[in-house]
DNA sequence: ATTTTGATTTAGAATAAGTATAAATCTATT
DNA sequence: AATAGATTTATACTTATTCTAAATCAAAAT
Ligand SMILES: [Mn+2]
Ligand SMILES: [Mn+2]
Ligand SMILES: [Zn+2]
Ligand SMILES: [Zn+2]
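Chains as they are written, first to last, in our numbering: chain E, 1 to 131; chain B, 1001 to 1131.
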């Protein structure tokens, strides 16, 4: 049940996401595929991203922008977005279990996890700002 | 600069959001306007929601679903979504400042705030489930 | 009271991201 | 070589939202 069939196009899409340092959108992935000499159909890129997501090889991120981003890091982590330049960086500091427990208590939900998008200004934008 | 001009349509849209207990989407708002006997143009509802958001009378929520939801509670709080029924409830337990401080340290960002979507299963769905 | 002006609403076109469809192509397996 | 299943492709469609241009409204100035 967990066989993974990596076609040429799925492998190429995976390579793009794995090599990226910036959590690319589907459109980013398509552009980079072209840069590498590929030309896959529009839908194939979306299909591949979904396939890889379903197989847990990549993660789909909904950060509150219009387009989803993709991440080859599948371990549990969060993200921080720069309000000035839009850059997305990793947050590996884990959410306090104790906070989740208090949320469970407050809401009566059985808590499974949380998606957090931290907002702030990155170091580069801060130094540019005070020029 | 902070004058607020509440036209009939803006007031009616605001009333819907204020009276709602479920963080309605724009489509929900439109349906409820019709139920109350209004019939405003499609774009007017979106314009009004944006206007009210800009004036900080309501908040726009991006919870990772396709459509934005709207919230008349504008004080700082988070949300929890039931994975079973889709219900959205309030989370008022504040994220520890100390966690945000550690994120700032990890990333080098100046942290402004965080949007959190907790996921879980609500009490009703849990009791239904174990029938 | 009429005119002017700016703001708002309206209807509908346009856009962006993503999904669905059906035919064509690949890839195993017989 | 023939069949069957999976995948890709091109394109149509959907959904949520924004844009546009004309019509309407409301306040201020004549
Ligand atoms: Mn990441
Ligand atoms: Mn709320
Ligand atoms: Zn930045
Ligand atoms: Zn539920």
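We treat Cβ as the ideally placed atom computed from N, Cα and C, and that holds for glycine.
Residue i: first and last residue of the uninterrupted beta strand (DSSP E) it sits in
i, result
"residue 1120 of chain B", "1110 to 1121"
Cβ of residue i within 9 Å of any chain E Cβ
i, result
"residue 1132 of chain B", "Lying outside 1001 to 1131, the shown extent of chain B, residue 1132 of chain B is not represented and no answer is given."
"residue 1016 of chain B", "no"
"residue 1023 of chain B", "no"
"residue 1029 of chain B", "no"
"residue 1004 of chain B", "no"
Reference residue i, options the options, closest by Cα
i, options, result
"residue 1019 of chain B", "B:1008, B:1033 and B:1007", "B:1033"
"residue 30 of chain E", "E:83, E:69 and E:115", "E:69"
"residue 1003 of chain B", "B:1094, B:1090 and B:1052", "B:1052"
"residue 11 of chain E", "E:57, E:35 and E:28", "E:57"
"residue 1101 of chain B", "E:40, E:93 and E:15", "E:93"
"residue 1038 of chain B", "B:1023, B:1025, B:1013 and B:1049", "B:1013"
"residue 1115 of chain B", "B:1080, B:1122 and B:1047", "B:1080"
"residue 1097 of chain B", "B:1036, B:1112, B:1048 and B:1087", "B:1112"
Buried or exposed by the 16-neighbour rule on C-beta atoms within 10 Å, applied to residue i
i, result
"residue 1021 of chain B", "exposed"
"residue 1129 of chain B", "exposed"
"residue 1059 of chain B", "buried"
"residue 1085 of chain B", "exposed"
Cβ of residue i within 9 Å of any chain B Cβ
i, result
"residue 49 of chain E", "no"
"residue 130 of chain E", "no"
"residue 73 of chain E", "no"
"residue 76 of chain E", "no"
"residue 109 of chain E", "yes"
"residue 20 of chain E", "no"
"residue 97 of chain E", "no"
Residue i: first and last residue of the uninterrupted alpha helix (DSSP H) it sits in
i, result
"residue 1018 of chain B", "1008 to 1019"
"residue 22 of chain E", "It is not in any alpha helix (DSSP H) - residue 22 of chain E carries neither H nor E in the DSSP assignment."
> Quick one, what's near ligand 2 if you take every residue whose CB is closer than 5 Å to any heavy atom, in chain order?
Replying inline: Those satisfying the condition are, in chain order, B:1071, B:1073 and B:1090.
>> Strictly closer than 7 Å from CB to any heavy atom of ligand 3: give me those residues in the order they appear in the chain.
In response: My final list is E:82, E:84, E:85, E:87, E:121, E:122, E:124 and E:125.
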